[in-house]
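The sequence shown begins at 0 in numbering that gives the first Met the number 0 and counts up one residue at a time.
One structure below.
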Amino acid sequence: MHLKSKDLLSIEQLSAEEIVMILDSAKTMKKVLTQPTKKTSHLQGKSVVNLFFENSTRTRLSFEMAAKYMGAASVNISSSGSSINKGETLLDTAVTIDMMSTDFLIMRHRESGAAEFLAKRVSASVINAGDGMHEHPTQALLDVFTMRDKLGHLDKLKVAIIGDCLHSRVFRSNLLALTKLGSEVWVSGPASLMPLDVKQTGAHYTRHVEEAIEGADVVMSLRIQLERMKCGLFPSVNEYFRYYGLDDNKIKLAKENALVMHPGPANRGVEINSALYESDQSVISEQVTNGVAIRMAILYLLNLRRNAL
Ligand code: CP
0 MHLKSKDLLS IEQLSAEEIV MILDSAKTMK KVLTQPTKKT SHLQGKSVVN LFFENSTRTR
60 LSFEMAAKYM GAASVNISSS GSSINKGETL LDTAVTIDMM STDFLIMRHR ESGAAEFLAK
120 RVSASVINAG DGMHEHPTQA LLDVFTMRDK LGHLDKLKVA IIGDCLHSRV FRSNLLALTK
180 LGSEVWVSGP ASLMPLDVKQ TGAHYTRHVE EAIEGADVVM SLRIQLERMK CGLFPSVNEY
240 FRYYGLDDNK IKLAKENALV MHPGPANRGV EINSALYESD QSVISEQVTN GVAIRMAILY
300 LLNLRRNAL
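Following this line, the structure appears as structure tokens:
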């Protein structure tokens with residue numbers, strides 16, 4: 000029982016069976032997080048390097064904690080503190096890390112395809128912690144884990160994803176994961192924040208946010224990614240919230256007790272109001288906890304794959 004590839008680069012590469020294997024393993028790992036001593040020896044003697052070229056709180060910290068809970072040596076490097084700032088290439092940096100007997104290289108990078116580029120050139124297992132506008136596979140895995148954990152299944156769910164889909168690797172990875180697992184994804188947001196090919200992605204696109212949310216089992220709001228916009232793509236924050244921000248009125252259209260999700264970090268009062276963020280329907284905090292369990296499961300399963308070679 001292990002993953003087919005040495006690396007975890009995308010949801011696209013995973014079969015439905017592999018996704019379920021990760022979710023099942025994360026269920027076991029989550030039990031470790033509730034024990035007084037959060038310790039396993041699955042990664043004893045292994046090394047994990049977090050190489051982040053974009054800001055992160057949840058992903059970087061949860062990978063670091065996951066590795067430490069499993070007994071690995073875990074270190075963080077950011078571009079500002081590395082020799083990249085002296086002109087070293089990404090590849091030379093990665094090979095340098097690889098030559099220190101690194102087992103796992105976890106990378107976030109602004110360029111789509113950066114993780115895949117390195118995976119072919121290093122012997123460490125590369126895990127994509129978000130590459131440009133491409134994919135954020137571990138986020139989607141923790142999201143579908145949270146849905147399954149709360150709703151009991153992932154079959155024929157209606158999942159509404161609202162907001163900046165154009166720049167969102169979370170949208171792309173969730174769409175792939177949910178459709179592979181038999182659920183339906185509806186999307187809505189400003190036309191300027193939708194991929195041009197949104198109707199060909201397999202998602203149901205509607206200009207009317209109410210139609211996307213109507214009868215949904217899950218409503219996920221996405222962060223507006225100002226850092227990826229070259230110019231203003233919506234008129235004003237107030238107007239954005241009025242039409243697309245999640246609040247009590249919009250969520251009433253979804254199923255009773257529908258889950259409210261956000262990958263974080265959220266802009267309160269823009270993508271979602273504070274009352275809903277903190278409501279009983281919100282599982283945003285649980286998404287964070289589940290992120291540690293999912294990352295433990297991925298490290299565990301990739302390590303089995305490495306040991307099997
Ligand atoms: N969701 C997510 O990737 O959060 P961070 O940017 O804090 O890692």
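Just so it is clear, CB atoms sit at the ideal spot from N, CA and C, and this is done for glycine as well.
Taking the continuous beta strand (DSSP E) assigned at residue i, which residues delimit it?
i	result
N75	A72 to S77
A159	K157 to I161
S187	E183 to S187
Could you name the residues of the same chain whose beta carbon sits closer than 7 Å to that of residue i, not counting the 5 residues immediately before and after it, in chain order?
i	result
S77	F51
V121	A93, V94, D97 and L104
A118	D6, L8 and V125
K254	G214, A215 and D216
E63	N49, S73 and N75
Could you check whether the Cβ of residue i sits closer than 8 Å to any heavy atom belonging to the ligand CP?
i	result
N54	yes
G129	yes
H135	yes
R59	yes
Q224	no
V143	no
V217	no
G162	no
G201	no
V208	no
V291	no
V282	no
V259	no
V169	yes
G188	no
P35	no
P194	no
Q138	yes
G263	yes
Just curious, the alpha helix (DSSP H) that residue i is in, first and last residue?
i	result
K30	A15 to L32
N237	V236 to Y243
P136	P136 to L150
K67	R57 to Y68
D309	No answer is possible for residue 309: the residues shown for the chain start at 0 and end at 308.
V171	The identity of residue 171 in the sequence shown is Arg, whereas the question assumes Val. Note, R171: alpha helix (DSSP H), R168 to K179.
E210	V208 to I212
A253	A253 -> no alpha helix (DSSP H), and no H or E assigned at all.
F116	A113 to A118
Which residues does DSSP pair with residue i in a beta bridge?
i	result
F103	V47 and S124
S281	V259
V217	V158 and L258
D130	H108 and E134
L7	I126
I271	L245 and R267
H203	W185
Can you list, in chain order, the residues of its chain with a C-beta nearer than 6 Å to that of residue i? Leave out the 5 residues immediately preceding and following it.
i	result
S167	L221
D23	none
N75	N49
Q335	Nothing in the structure corresponds to residue 335, since the chain is present only between 0 and 308.
H41	M69 and Y299
I10	P136, A139, S172, L175 and A176
H133	S111 and R168
S273	R267
A25	F144, A292, I293 and A296
T58	A128
Tell me which residues share the same chain as residue i and place their Cβ nearer than 8 Å to its Cβ, disregarding the 5 neighbours each side in the sequence.
i	result
R206	S187 and A190
V143	I18, L22, L153, N173, A176, L177 and L180
R147	L22 and L153
Q286	L141, D142, T145, M260, H261, P262 and G263
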